[in-house]
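S.K.:
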DNA sequence: TTGTAGGCGTTATCAA
DNA sequence: TTGATAACGCCTACAA
């Protein structure tokens, strides 16, 4: 045993009376191995508490047992949820999670990421939206041989590289619920341009109107950028309309909170005078008054599945469980929706 | 150059006509080096774009260029803020951030952490509250030679190992503000037992009352665990009191949101009938109605400073900027406080 | 089925 | 001030 106290492959080999390579084979579950030998080595490993050194493996394999989460922080809670899901998926494996925020706006974004991936020789990365939509980033991953899974509001890639939510259908359902309640003048606060999630959610909104035979009025659509302030401003514009919309679908909870403030500032009661539905189900949704009806997408599950996809085929022994690629969102009905009064 | 395309130290040595060790000395800024040689080597390094391989260094040095964030996820936003701060501090260095959540309740917590730290040979870790208060964890770090910085609501260690907020004083100030507004019956919703932050905030609350010569009534203190539900329940108990408190200080924003719901359920208007102050300044504070007056602690700055402390003395060249150890919180005045009406 | 030799890219030792 | 040589702990190729 070394002075560091950590037993190495040499210690195992010596004690078990075999060569290093044999130990290596045991560790890596090589199929061509005598059962006896394997058992003997495994016993020694368990006995002295040997753990393979990840740094040495990384050097020899030219590949690190590190999985990355690359994101652009649109929403802290969402990032944390995905992170938690990934950690669940990585639980019990030899992989660790490395988090890497990126600045979407920066010129150097691509080179930053390349530097990071090449240097650390990540095993794989989960690309969160909206950067998962950037094809040159995906191209980079392919180029340098880094596994990747993309997370997005719609499928953009094959199943092995994708965890997608069904934003369009989810929003369609949410708006259909509003229509069911009797609403006919429904406003939309859309997400920022260039975000696939914004496009999908808007499409879902339009789907619902079309299905119900309701006209699509441009004036009832306002743009936002997922922030509270943008929701506030957009809502002010919509609430200035005559006749006023009786309901608003906001493409994010945070913007929905802005809508609530705008409504309150005009003395409108929610949901009596205005119904609101948000998207995300972040903590704020449950904590505002009235509690916000919203669309919840399974961020934790998506993170977990993505992690499992990233490392699939590594442990060999682990069943090749088919991880899903499409994740269904659900409408969480709380107190911000009621039938219109007029 | 290897087939991988990444130039190695050997390439540099060959081209510069020196030995590997000399290149190594240049990389590591060894002082005993001829200026000419250094310049020549540096030129070659820049020319061919050589980047030292972190895995190889980790193996040779028995130490990884990885910094960990160990937390127990009390609050997603707080964790994200700290994480962001750390990444700012690590920006431009060779260090990467690894995130590691821990389950405070689990029996295996300590062994989980040991396994993680020993295996990955982390350079250092930032311990977030409340696990930063666990002395056996700190002991573990010392034992295995992993640098650490503790983040807490009060100083628990020497400056090199500490970033502390001044919760007690901050809460004292917040409650003093309530008293200034004319409140005399002020309720406290305390944090969970065993959390240092809970103790500190409570102490600050008591300080303020004492200073103002107000009696400390046990009945005006309710316990919570930082969750929304616990805040709701605690507030219900306080609001059942006769006479009712005219103000409540809640030890977290999330609990404060619960207080708001409880107040609303009784038809109380905030801040007319009840003033509320929270703690954390999470997004929910700004988004509830009325916007919550709260205490903001500089989580991002604390993360940044902690990261800088962790890696201080590594780059050699970088100035040994004295990073602060005490961080001052500020009272963010919004709309949830008004003078009492009775 | 198992072992030997050599390499992964870096740093440490010690001599020149 | 520099350089040869040997770690660091593991894996691949090839041989036995």
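Protein chains in written order, with the numbering used here: chain L, 333 to 674; chain U, 333 to 674. Every residue gets a Cβ at the ideal spot worked out from N, C-alpha and C, and that includes glycine.
#1: Check the Cβ of residue 580/L against every Cβ in chain U and list those closer than 9 Å, keeping chain order.
#2: Can you list, in chain order, the residues of its chain with a C-beta nearer than 6 Å to that of residue 556/L? Leave out the 5 residues immediately preceding and following it.
#3: Give every residue of the same chain whose Cβ lies closer than 8 Å to the Cβ of residue 442/L, excluding the five residues on either side of it in the sequence, and list them in chain order.
#4: Beta-carbon of residue 560/L versus every beta-carbon of chain U: anything under 8 Å?
#5: Output, in sequence order along the chain, the residues in the region 419-441 of chain U whose CB is closer than 9 Å to any CB in chain L.
#6: For a cutoff of 8 Å on Cβ pairs, would you count residue 387/L as touching chain U?
#7: Spell out a yes or no on whether the region 396-416 of chain U and the region 426-438 of chain U are touching, meaning 3 or more CB-CB pairs, one atom from each, closer than 8 Å.
#8: Whole-angstrom Cβ separation of residue 577/L and residue 518/L, contact assumed at under 8 Å?
#9: Within 10 angstroms of the Cβ of residue 352/U, are there 16 or more other Cβ atoms? Answer buried if so, exposed if not.
#10: Nearest chain L C-beta to residue 396/U closer than 8 Å, yes or no?
#11: Would you give the residue range spanned by the beta strand (DSSP E) that residue 455/U belongs to?
#12: Less than 6 Å between C-beta atoms, sequence neighbours within five positions excluded: which residues of the same chain meet that for residue 635/U?
#13: Identify the contact partners of residue 390/U in chain L, using a Cβ-Cβ distance below 7 Å as the criterion.
#14: Can you list, in chain order, the residues of its chain whose CB lies under 8 Å from that of residue 373/U, leaving out five sequence neighbours each side?
#15: Only counting runs of 4 or more residues, tell me where the alpha helix (DSSP H) segments fall wholly within the region 595-670 of chain L, in order along the chain.
#16: Check the Cβ of residue 616/U against every Cβ in chain L and list those closer than 7 Å, keeping chain order.
#17: By Cβ distance below 6 Å, which residues in the same chain neighbour residue 649/L in space, the five residues on each side in sequence not counted?
#18: Would a check of beta-carbon distances place residue 399/L closer than 8 Å to chain U?
#19: For residue 363/U, is the classification buried or exposed, using 16 other Cβ atoms within 10 angstroms of its Cβ as the cut-off for buried?
#20: Kindly indicate the opening and closing residues of the beta strand (DSSP E) around residue 522/U.
#21: Write down the C-beta distance between residue 500/U and residue 536/U rounded to the nearest angstrom, noting that I regard them as a contact closer than 8 Å.
#22: Which of helix, strand or coil does DSSP assign to residue 447/U?
#23: Looking at the secondary structure, which residues open and close the beta strand (DSSP E) in which residue 580/L lies?
#24: Which first and last residues belong to the alpha helix (DSSP H) in which residue 426/L is found?
#25: What's the gap between the Cα of residue 617/L and the Cα of residue 582/L?
#26: Could you say which of 462/L, 452/L, 381/L lies nearest to residue 411/L if we only look at CA atoms?
#27: Would you identify the three-state DSSP class for residue 476/L, choosing helix, strand or coil?
#28: Residues of chain L with a CB under 7 Å from the CB of residue 383/U: which are they?
#29: Going by C-alpha to C-alpha distance, which of 370/U, 528/U, 394/U, 464/U sits closest to residue 455/U?
#30: Kindly list, in the order they appear in chain U, the residues whose Cβ is closer than 7 Å to that of residue 408/L.
#31: Whose C-beta lies closer than 6 Å to the C-beta of residue 595/U among residues of the same chain, with five residues either side of it excluded?
#32: Name the chain L residues that come within less than 7 Å of residue 415/U, Cβ to Cβ?
#33: Cβ atoms of residue 598/U and residue 571/U: under 8 Å apart, would you say?
#34: Given a cut-off of 8 Å on the beta-carbon distance, is the pair residue 663/U and residue 496/U in contact?
#35: Could you tell me whether the Cβ atoms of residue 569/U and residue 554/U are closer together than 8 Å?
#36: Enumerated in chain order, which unbroken segments of the beta strand (DSSP E) with a length of 3 residues or greater are wholly contained in the region 357-440 of chain L?
M.R.: Short version:
#1: The premise fails here: residue 580/L is roughly 16 Å from chain U at the closest Cβ pair, so nothing lies under 9 Å.
#2: 521, 562, 563, 566, 587.
#3: Excluding residues up to 5 positions away in sequence, 468, 469, 472 lie with their Cβ nearer than 8 Å to the Cβ of residue 442/L in the same chain.
#4: Flagged as an interface residue toward chain U: residue 560/L, by a C-beta distance shorter than 8 Å.
#5: For the region 419-441 of chain U, residues whose beta-carbon sits nearer than 9 Å to a beta-carbon of chain L comprise 419, 426, 428, 429, 430, 431, 432, 433.
#6: For residue 387/L, the closest Cβ of chain U is nearer than 8 Å.
#7: Flag = yes, the region 396-416 of chain U and the region 426-438 of chain U touch.
#8: Your pair residue 577/L and residue 518/L checks out as a contact, with CB atoms roughly 6 Å apart and the cut at 8 Å.
#9: With fewer than 16 other Cβ atoms within 10 Å, it is exposed.
#10: It does: the Cβ of residue 396/U has a partner Cβ on chain L nearer than 8 Å.
#11: Per DSSP, residue 455/U belongs to no beta strand (DSSP E) and is neither H nor E.
#12: Hits under 6 Å: 414, 417, 418.
#13: The contacting residues are 387.
#14: Exclusion of the five residues before and after residue 373/U leaves 344, 348, 350, 354, 355, 358 as the residues of its chain whose Cβ lies within less than 8 Å of its Cβ.
#15: 615-619, 631-643, all fully within the region 595-670 of chain L.
#16: Under a criterion of Cβ atoms nearer than 7 Å, the residues of chain L adjacent to residue 616/U are, in order, 615, 616, 619.
#17: With a pLDDT of only 46 at residue 649/L, under the threshold of 50, the placement of this residue in the model should not be trusted, and no figure is reported.
#18: For residue 399/L, the answer is no, since every Cβ of chain U falls outside 8 Å of its Cβ.
#19: By the neighbour-count rule (16 or more Cβ atoms within 10 Å), residue 363/U is not buried but exposed.
#20: Per DSSP, residue 522/U belongs to the beta strand (DSSP E) from 518-522.
#21: Cβ-Cβ separation between residue 500/U and residue 536/U: approximately 4 Å, consistent with a contact (criterion under 8 Å).
#22: Reduced to three states, the DSSP call for residue 447/U is helix.
#23: Segment 579-582, the beta strand (DSSP E) holding residue 580/L.
#24: Unbroken run through residue 426/L: none, as it is neither H nor E.
#25: The straight-line gap from Cα to Cα measures roughly 12 Å.
#26: Closest option to residue 411/L, judged by alpha-carbon separation, among 462/L, 452/L, 381/L: 462/L.
#27: In this structure, residue 476/L counts as coil in the three-state DSSP scheme.
#28: Within chain L, the residues near residue 383/U are 451.
#29: Of the candidates 370/U, 528/U, 394/U, 464/U, the one whose C-alpha sits nearest the C-alpha of residue 455/U is 394/U.
#30: The answer, in chain order, is 408, 409, 412.
#31: Shown here for residue 595/U: same chain residues with a beta carbon closer than 6 Å to its own, the five before and five after excluded, namely 602, 606 in chain order.
#32: 431, listed in chain order.
#33: Yes.
#34: Not in contact: residue 663/U and residue 496/U (Cβ atoms no closer than 8 Å).
#35: Contact flag set, yes.
#36: As summarised for the region 357-440 of chain L, the continuous beta strand (DSSP E) elements at least 3 residues long and confined to that stretch are 398-403, 428-433, given in chain order.
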